[in-house]
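A.B. asks: Chains as they are written, first to last, in UniProt numbering: chain A, 1 to 205; chain B, 1 to 205; chain C, 1 to 205; chain D, 1 to 205.
Heads up, the beta-carbon is just placed ideally off N, CA and C, and yes, glycines get one too.
The structure under discussion is supplied below as structure tokens; questions concerning it will follow.
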DNA sequence: AGGTAACCGAGACGGTACGTCACGTCTTCAC
DNA sequence: GTGAAGACGTGACGTACCGTCTCGGTTACCT
């Protein structure tokens with residue numbers, strides 16, 4: 001979800017011609033606008049102005065705010081993220097949850113803004129779904145490792161386990177708007193690991 | 001979250017004078033509009049027209065769409081809802097989850113509309129937070145019963161347990177936009193109950 | 001078609017409230033814009049800016065450029081114009097034609113602009129038709145006088161005579177874009193008077 | 001003003017190469033568009049699409065809509081039209097007026113569309129002036145014949161006579177938007193002939 | 001026959017204007 | 001004098017055409 005790595009150098013002229021340059025400018029503008037003002041002020045006009053591009057150009061290529069977000073989200077999914085390996089299932093899950101908590105409480109709240117956005121644009125919602133689908137698939141590695149280590153029975157439903165571990169984070173921070181609890185990531189990880197070890201995510205289904 | 005109980009009869013004249021009548025008309029209009037067209041078309045103009053009240057009146061009393069929603073949500077929290085008693089912790093949790101799944105997949109998706117709304121209006125967000133706070137507090141009864149039955153150790157963190165049980169529902173249906181899985185309510189309930197019985201929600205913290 | 005009589009005094013606050021004031025401002029702006037830049041630059045945006053009024057206000061009240069023009073034309077028809085009395089039919093017609101020639105060759109060419117406008121907006125076309133209808137009706141006085149003087153037989157078709165007298169002016173100056181010919185008004189008047197005296201506009205039909 | 005004469009055969013390759021073929025395609029498209037949708041929808045884009053030619057090509061060769069019209073009008077002037085000979089001045093003029101009335105009331109109103117166009121594009125206006133200049137010059141034959149027949153004195157101003165005869169047609173149908181009057185062509189012809197016979201178009205000037 | 005200059009297709013872009021919608025404020029007028 | 005009705009300012013939306021530009025690929029014509 002991080003994006004704005006300080007672009008390699010040449011901010012004014014990127015390879016690939018005007019079209020590619022325009023796209024990059026708009027991308028950056030979307031992210032910047034989102035970070036500074038949140039989703040509510042993410043208007044096409046503002047993005048266009050910020051990108052130094054004409055309104056109509058944005059409409060032509062991205063159609064609406066949803067299109068802009070989808071583009072950004074898809075680009076965000078193209079990174080090289082992967083789950084850390086701490087040596088134990090609970091540790092891995094806790095590490096994941098720490099990342100989630102960090103993302104959700106970051107300032108400016110870009111992740112929250114994207115979530116909010118997904119409720120207003122079907123296109124953005126689809127993109128977010130794709131993004132999370134990718135992430136959860138990458139995370140299945142965590143479960144595989146645990147199985148290999150013998151911590152979990154084979155046949156464990158990786159996705160269900162991951163959801164059980166991470167869902168409370170989102171629930172508390174996004175739905176319930178609770179103040180961040182530093183113990184929560186660990187607690188949720190422990191709960192899920194414990195249930196998993198007891199076979200809660202096996203077979204049944 | 002249910003609302004439209006078949007109003008006692010007299011739709012035209014309620015006790016409390018014009019002010020109260022106006023408020024009720026607007027209330028009804030908000031809910032009706034929300035159900036028919038979703039949040040995106042919940043505009044002050046539409047509500048006012050539907051309620052047969054002048055735009056200005058709505059602005060005066062509710063200020064904006066957020067105010068309208070907050071009012072409706074607070075009213076929705078004034079009902080007599082309570083968790084069912086099935087005789088076992090897992091059963092109680094599963095019953096809760098069934099209700100949640102039903103609410104989230106109902107057509108028209110009024111619950112989803114309210115959640116979406118909460119991302120666009122602080123006032124609605126606060127109201128939703130109040131609403132959920134009330135609900136979770138009522139649900140703590142479920143945990144108390146389990147403790148009394150000896151299913152759970154005393155000192156179990158009721159709120160954490162409830163969140164663990166219900167969060168996966170919201171996560172799958174709202175965040176991940178997954179298709180509803182009829183087995184999920186039961187599975188999530190079982191997982192949480194299992195972890196709770198193992199003491200995952202005790203002491204620690 | 002004359003308009004910009006130096007408004008009585010108070011340009012800032014007219015009787016009749018904001019609405020009337022707005023209307024007057026827009027009126028003036030339309031005429032000014034038409035005179036300065038012609039019909040092609042008579043855009044809603046420009047008029048609104050010039051009138052110190054917001055775009056949407058203009059759209060609300062006048063719908064489009066045609067509505068603006070119609071309004072102005074109708075206002076222009078409310079003046080106290082009347083044909084001069086020179087003592088003879090030919091003289092009256094020549095005086096009329098002189099006025100026409102003057103209007104069509106005036107600088108800035110506001111009359112031409114209005115004619116041009118009538119080709120682009122049905123509403124303006126209707127207004128122009130109304131305006132000319134009024135004028136021609138007023139001009140029938142000229143024929144009545146000639147009949148009373150015994151210059152013309154009773155039963156002369158006033159409208160046909162007037163058209164025959166004035167049409168060549170418009171044809172030359174508007175359709176054929178000929179350079180103005182100082183003799184034309186008189187010549188056209190003489191031709192029509194001559195034909196009329198010979199009974200060309202009586203009975204027959 | 002003629003249009004889709006069944007082109008000689010070879011639709012794929014005309015003499016003169018692609019350039020000439022392109023020009024013909026565009027020509028036809030302009031006329032077709034004008035007839036179907038009138039001037040207001042005569043856009044470069046529509047013409048290009050209709051002609052199966054790229055927008056850019058049209059801009060390169062014709063610059064704008066005015067250029068397209070000028071081209072078409074000039075082509076329309078290259079036909080073999082000539083006034084009919086009915087044997088009398090009044091008859092000739094009436095025949096002319098009948099043609100005018102027919103053209104102005106034809107459906108689709110292509111002539112009116114061209115007139116309207118001339119008010120919006122200087123280039124089209126010049127072309128229309130050329131077109132009418134040609135026509136009126138051809139019509140002077142009518143006057144010559146009348147002189148030869150002894151109906152008119154020599155030295156009659158042919159152009160002025162013709163204008164006097166035809167102008168009322170345009171005035172009624174184009175300016176005043178009156179409903180077509182079947183008697184008008186004859187009446188206008190008679191009036192002009194009468195005045196001419198009385199010497200209204202001689203010498204003076 | 002081959003090379004070159006003119007022409008064309010393709011598509012993005014900046015730009016102006018359109019007409020609409022909803023918001024929230026402010027003014028007027030009638031009660 | 002107050003409050004409902006309605007006009008207004010404001011900002012954004014999404015669209016249509018305009019006219020320009022840059023490519024790259026044909027085509028026509030001329031040597």
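1. Would you tell me roughly how many angstroms separate the C-alpha atoms of residue 86 of chain D and residue 145 of chain D, rounded to the nearest one?
2. Could you check how far apart the C-beta atoms of residue 90 of chain A and residue 190 of chain A are, in whole angstroms? I think they sit under 8 Å.
3. Taking residue 177 of chain A as the query, report the chain B residues whose CB atoms sit under 7 Å from its CB, ordered along the chain.
4. Taking 8 Å as the cut-off, does the stretch 21-28 of chain A touch the stretch 95-113 of chain A (at least 3 CB pairs, one atom from each stretch)?
5. Does the stretch 183-203 of chain C touch the stretch 156-171 of chain C, meaning 3 or more C-beta pairs lie closer than 8 Å?
6. Can you have a look at residue 94 of chain D and say buried or exposed, based on whether 16 or more other CB atoms are within 10 angstroms of its CB?
7. Identify, in the order they occur along the chain, each residue of the same chain with its Cβ nearer than 7 Å to the Cβ of residue 5 of chain C, setting aside the five sequence neighbours on each side.
8. Contact criterion: CB-CB distance below 8 Å. Does residue 59 of chain D meet it with respect to chain C?
9. Can you give me the C-alpha to C-alpha distance between residue 59 of chain B and residue 52 of chain C, rounded to a whole angstrom?
10. If you follow the alpha helix (DSSP H) that residue 151 of chain B is part of, which residue opens it and which one closes it?
11. Which residues of chain C have a Cβ atom closer than 7 Å to the Cβ of residue 191 of chain D, listed in chain order?
12. I think residue 33 of chain C touches residue 47 of chain C, with their Cβ atoms under 8 Å apart; what is that distance to the nearest whole Å?
13. Please determine if the stretch 130-141 of chain C and the stretch 124-133 of chain D are in contact, where contact requires at least 3 C-beta pairs separated by less than 8 Å.
14. Considering just the uninterrupted stretch of the alpha helix (DSSP H) at residue 90 of chain A, what are its terminal residues?
15. Output needed in chain order: residues of the stretch 13-43 of chain B with a Cβ under 7 Å from some Cβ in chain A.
16. Distance check for residue 38 of chain C and residue 221 of chain C, CA to CA, integer angstroms please.
17. Could you give the residue range of the alpha helix (DSSP H) that holds residue 50 of chain B?
18. In the DSSP assignment, the alpha helix (DSSP H) including residue 168 of chain C goes from what residue to what residue?
19. Grab me the residues of residue 192 of chain A's own chain with a C-beta within less than 7 Å of its C-beta, minus the 5 sequence neighbours each way, in chain order.
20. Go ahead and pull the three-state DSSP assignment for residue 227 of chain D.
21. Residue 202 of chain B bridges to which residues according to DSSP?
22. Residues of the stretch 96-109 of chain A with a CB closer than 8 Å to any CB of chain B: list them in chain order, please.
23. Residue 71 of chain B lies in the alpha helix (DSSP H); which residues open and close that run?
24. What is the C-beta distance between residue 96 of chain A and residue 83 of chain A, in whole angstroms, given that I count them as a contact (C-beta under 8 Å)?
25. DSSP on residue 119 of chain C, reduced to helix/strand/coil?
26. Just curious, the alpha helix (DSSP H) that residue 39 of chain A is in, first and last residue?
27. Taking the C-alpha atoms as reference points, what is the distance between residue 143 of chain A and residue 56 of chain D?
28. By the DSSP assignment, the alpha helix (DSSP H) with residue 194 of chain D in it spans what residues?
29. Quick one: does residue 168 of chain C have its CB under 8 Å from some CB of chain D?
30. At a CB-CB cut-off below 9 Å, which residues of chain C make contact with residue 158 of chain D?
31. Assuming residue 29 of chain A and residue 63 of chain A make a contact with CB atoms under 8 Å, what is their CB distance in whole Å?
32. Around the Cβ of residue 148 of chain D, are there at least 16 other Cβ atoms within 10 angstroms (buried) or fewer (exposed)?
33. Which stretch, first to last residue, makes up the alpha helix (DSSP H) that contains residue 58 of chain B?
34. Looking at C-alpha atoms only, which residue of D:118, D:54, D:172, D:77 is the closest neighbour of residue 138 of chain D?
C.D. replies: To lay it out plainly:
1. Here residue 86 of chain D corresponds to residue number 86 of the fourth chain, with the count starting at 1. Here residue 145 of chain D corresponds to residue number 145 of the fourth chain, with the count starting at 1. Cα-Cα distance, rounded: 10 Å.
2. As a first step, residue 90 of chain A is located in the first chain; it is residue number 90 there, counting from the start. As a first step, residue 190 of chain A is located in the first chain; it is residue number 190 there, counting from the start. Confirmed, about 6 Å.
3. Stepping through the first chain from its first residue, residue 177 of chain A is reached at position 177. Ordered by position in chain B, the residues that pass the 7 Å Cβ test against residue 177 of chain A are 125, 129.
4. no
5. yes
6. One-based indexing of the fourth chain puts residue 94 of chain D at position 94. Flag for residue 94 of chain D reads buried.
7. What you label residue 5 of chain C is simply residue 5 of the third chain in a count that begins at 1. The predicted position of residue 5 of chain C is uncertain, since its pLDDT is 36 and thus under 50; a value taken from the coordinates is nonetheless stated next. If we look at residue 5 of chain C and ignore the five residues flanking it on each side, it has no Cβ neighbours.
8. As a position in the fourth chain, residue 59 of chain D is number 59, starting the count at 1. For residue 59 of chain D, the answer is no, since every Cβ of chain C falls outside 8 Å of its Cβ.
9. As a first step, residue 59 of chain B is located in the second chain; it is residue number 59 there, counting from the start. As a first step, residue 52 of chain C is located in the third chain; it is residue number 52 there, counting from the start. The straight-line gap from Cα to Cα measures roughly 27 Å.
10. What you label residue 151 of chain B is simply residue 151 of the second chain in a count that begins at 1. Segment: none, residue 151 of chain B is in no alpha helix (DSSP H) and carries neither H nor E.
11. The residue labelled residue 191 of chain D in the question sits at position 191 within the fourth chain. Within chain C, the residues near residue 191 of chain D are 164, 195, 200.
12. On the third chain, residue 33 of chain C is found 33 positions in, with the first residue counted as 1. On the third chain, residue 47 of chain C is found 47 positions in, with the first residue counted as 1. About 6 Å; that satisfies the 8 Å criterion.
13. no
14. Looking up residue 90 of chain A in the first chain gives position 90. Run containing residue 90 of chain A: 89-105, per the alpha helix (DSSP H) assignment.
15. none
16. Chain C is shown from 1 up to 205; residue 221 of chain C falls before or after that span and cannot be answered.
17. On the second chain, position 50 is the one that residue 50 of chain B refers to. Note, residue 50 of chain B: alpha helix (DSSP H), 44-51.
18. Counted from its first residue, the third chain places residue 168 of chain C at position 168. Element bounds for residue 168 of chain C: 158-170.
19. Counted from its first residue, the first chain places residue 192 of chain A at position 192. Around residue 192 of chain A: 93, 161, 164, 165.
20. In the structure as shown, chain D begins at 1 and stops at 205. Residue 227 of chain D is therefore absent and cannot be evaluated.
21. Sequence index remark: in the second chain, residue 202 of chain B carries index 202 (1-based). Bridge partners of residue 202 of chain B: B:156.
22. none
23. Numbered from its first residue, the second chain carries residue 71 of chain B at position 71. Residue 71 of chain B -> alpha helix (DSSP H) spans 65-76.
24. Taking the first residue of the first chain as position 1, residue 96 of chain A is located at position 96. Taking the first residue of the first chain as position 1, residue 83 of chain A is located at position 83. With a Cβ gap of about 6 Å, residue 96 of chain A and residue 83 of chain A count as contacting.
25. On the third chain, position 119 is the one that residue 119 of chain C refers to. It is coil, neither helix nor strand.
26. Translated into the one-based positions of the first chain, residue 39 of chain A becomes position 39. Note, residue 39 of chain A: premise wrong, no alpha helix (DSSP H); not H, not E.
27. Sequence index remark: in the first chain, residue 143 of chain A carries index 143 (1-based). Sequence index remark: in the fourth chain, residue 56 of chain D carries index 56 (1-based). About 59 Å.
28. For this step, residue 194 of chain D is matched to residue 194 along the fourth chain. Element bounds for residue 194 of chain D: 184-197.
29. Along the third chain, one-based indexing puts residue 168 of chain C at 168. Closer than 8 Å: yes.
30. For the purposes of this step, residue 158 of chain D is taken as residue 158 along the fourth chain, with counting starting at 1. Going along chain C, no residue has its Cβ under 9 Å from residue 158 of chain D, so there is no contact; the nearest lies around 14 Å.
31. The sequence position of residue 29 of chain A within the first chain is 29, counting from 1. The sequence position of residue 63 of chain A within the first chain is 63, counting from 1. That belief does not hold up - the Cβ atoms of residue 29 of chain A and residue 63 of chain A are roughly 16 Å apart, past 8 Å.
32. The count along the fourth chain starts at 1 and reaches residue 148 of chain D at position 148. Under this definition residue 148 of chain D is an exposed residue.
33. What you label residue 58 of chain B is simply residue 58 of the second chain in a count that begins at 1. That run of the alpha helix (DSSP H) goes 55-62.
34. Looking up residue 138 of chain D in the fourth chain gives position 138. Per the Cα distances, D:77.
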